[in-house]
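In our numbering, each residue's number is its place in the sequence shown (first place is 1) plus 190.
Backbone N, C-alpha and C define an ideal beta-carbon position, used for all residues, glycine too.
Structure first, then comments.
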Amino acid sequence: MFDKLIPKDDVKQRIRMKRALQALGGGASQSLVSVILFFSGGFRLEFQEFAFLMIFLWVGHLTIPVLIRLGVNRRLSDPSMTREMVNWSIFTLLITVFFMDHFRALMLMYFPIILLYGAFSMTPNQYRATAAVMILGYIAVIFTLCQLYPSQFKIEDEYVVALVFVLVIVAFSFVSNQISLLRRKLYQRNAELATAIEKIEHMAITDELTGLTNRRHMMHMLRRQKAVADRGGNGFCVCFFDLDRFKSINDRMGHHVGDVVLKRFSSEVQSQLRDSDLFARFGGEEFVLLANGVNLKRATIAANRIRRAIEALRFIDVASDLTVTVSGGVAQFRNKEKIETVLSRADQALYAAKGRGGNCIQAETDI
């Protein structure tokens, strides 16, 4: 019921709710056993008193799922509320044991289950603290009962039960602690794997030298934009750029200077773009700009703004006399055409700009 009220895209919250409902199932099991033991004479309570106890306990059981449903848990240091669920379960068992006359040992079987449940998120220190709370809580309950009803308890038997209980809890705490350590190691390795995958994915779509999108990813994005435009969405333009006489820079000054030119060119172009645009290195000194939502005229104006910015670049730290210019060709996507076709028209416009001596932008309509 509760998990259906949480949006499907809120995965973490749905997982938290699922675990809270699992804990609720454990509470239901304990309540059922309590009812069976009550009608078997295991409690020193009247029916009305027993009913009130069950209502009180179930108000607590239902509180945590309600808090998760309302999103209150997000404000806590542990949004899963595992410790709260574990502590409430311990209190529920201890208060139930307190009101029992017989069969208390049967109810103690639920304590190890609580420890195993906590293995999902509790740290080793929290495990030790939880085990200590269980042991001290049970001893306090038995001591109080012996003080209140000395004639109804055989202290020797209670010592034996308490000793066995302590040994079982200690044994289960060791097992649960190992589960917790394995879970934390697994979480750490998953985090490292996710970081490595993210790095590999970034490397797969990024040009190593300039940090721009590479050719493969640009083609992928162009096809996506084509699909949008074919369905009636925003159109786009493609701008081919080529650094003028770049080979002579490499030949005269070395590839190190050429790399500096490519990096600064890329950085300067990026500073001129909108968030919706995408700039990629196609190979060597060739670059492609995907200009979304603009017509040919506006794309040509933007390309000329880039050309002027590159013309103004200076490289005093590597070569005082070095200046760089760029030529470009601009084409507008036509509905339903292939990406290769619009790229070809932009490439032809680029060659026309090169034929004019470089340092100019040519639109496809001017060819």
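Here Phe281 carries a helix assignment [DSSP, helix/strand/coil].
Secondary structure of Asp511 (DSSP, three-state): coil. Separation of Glu348 and Ser311 (C-alpha to C-alpha, rounded to the nearest whole angstrom) is 33 Å.
The beta carbons of Ser456 and Leu402 sit closer together than 8 Å.
Annotation for Lys526: Asp420 place their beta carbon closer than 8 Å to its own, counting only its chain and skipping 5 residues before and after. Counting only runs of 4+ residues, the alpha helix (DSSP H) found wholly inside the stretch 343-397 occupies 345-395, in chain order.
Not a single unbroken stretch of the beta strand (DSSP E) spanning 3 or more residues falls wholly within the stretch 247-302.
If you draw a straight line from the Cα of Ile395 to the Cα of Val478, it comes to about 14 Å. Only exposed fits Ser267, as fewer than 16 other CB atoms lie within 10 angstroms of its CB. Remark: C-beta atoms of Arg442 and Leu503 do not approach each other more closely than 8 Å. With 16 or more other Cβ atoms inside 10 Å of its own Cβ, Ile258 counts as buried.
For Gly308, the three-state secondary structure derived from DSSP is helix. Contact between Ile303 and Glu274 does not hold, since their C-beta atoms are separated by about 17 Å, which reaches or exceeds 8 Å.
For Phe505, no alpha helix (DSSP H) run applies, since DSSP gives it neither H nor E. In chain order, Phe228 and Phe233 place their CB closer than 7 Å to the CB of Phe240, counting only its own chain and leaving out the 5 sequence neighbours on each side. DSSP lists Val428 as the bridge partner or partners of Ala521. For the pair Asn380 and Asp465, the Cα-to-Cα distance works out to about 32 Å. By the neighbour-count definition (other C-beta atoms within 10 Å, threshold 16), Asp432 is a buried residue. Around the beta carbon of Gln378, fewer than 16 other beta carbons sit within 10 angstroms, so the residue counts as exposed.
Taken in chain order, the complete alpha helix (DSSP H) segments of 4 or more residues contained in the stretch 465-491 number zero; there are none.
Here the alpha carbons of Ser270 and Leu533 stand approximately 52 Å from one another. Under the 10 Å beta carbon count, Val428 is surrounded by 16 or more other beta carbons and is classified as buried. Contact holds between the stretch 500-519 and the stretch 445-452, because three or more Cβ pairs, one in each stretch, are under 8 Å apart. Comparing alpha carbon positions, the residue from Ser370, Leu353, Leu211 and Leu468 closest to Arg414 is Leu468.
DSSP places Thr403 in the strand class (E or B) of the three-state scheme. Under the three-state reduction of DSSP output, Leu540 falls in the helix class.
Taking the CA atoms as reference points, Leu243 sits about 30 Å from Ile205.
Distance from Ala321 to Ser370 at the Cβ level is roughly 12 Å; contact not present, criterion being Cβ atoms closer than 8 Å. Gly518 is not a Cβ neighbour of Ala481, given a cutoff of 8 Å.
Where Ile329 is concerned, the enclosing alpha helix (DSSP H) starts and stops at Pro314 to Leu338. Annotated three-state conformation of Leu433 is strand, per DSSP. In the three-state reduction of the DSSP assignment, Ile226 falls in the helix class, which pools H, G and I. Under the 10 Å beta carbon count, Gly308 is surrounded by 16 or more other beta carbons and is classified as buried. Per DSSP, the continuous alpha helix (DSSP H) segment holding Lys453 begins and ends at His445 to Gln462.
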